[in-house]
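Novice: In this note's numbering, the protein residues as written are 409 to 501.
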Amino acid sequence: MEYDYPGNVRELLNLLERATVLGEEDFTALVNEHKEMNAGLTDNAASELASAPEEMEAAMRLHVRRIFDKYGQNLSKTAEALKVARNTVRRYL
């Protein structure tokens, strides 16, 4: 039987154990029930993961800008404080 299971191995083992303990005979129905219960969670996690790089980029830009302002908008002092090259500071400003 070929079946696309969206979860991880631990979830699959838990479903198998549940099917055994509860005497579930229709394992495919049990898996479908599990997929329906977790569908919203999976979609939400995927969208959060997709937006993570943009959020990280924005946070880095904000941090560099704050340090830049703290050092009187001096590029060299900002780069030294952040321990990065001046070009890196320039890229985030």
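Don't be surprised by glycine CBs; every beta carbon is placed ideally from N, CA and C.
(1) Between which two residues does the alpha helix (DSSP H) harbouring Lys485 extend?
(2) Exposed or buried, which one is Val472 when buried takes at least 16 other CB atoms within 10 Å?
(3) So, for Lys485: in the same chain, excluding its five sequence neighbours on each side, which residues have a beta-carbon less than 6 Å away from its beta-carbon?
(4) Taking C-beta to C-beta, are Arg494 and Leu483 nearer than 7 Å?
(5) From the DSSP output, in three-state form, read off Leu424 for me.
Specialist: Well, looking at it:
(1) Start and end: 483-490.
(2) buried
(3) If the five residues before and after Lys485 are omitted, its C-beta is found closer than 6 Å to the C-beta atoms of Tyr479, all from its own chain and listed in chain order.
(4) yes
(5) helix
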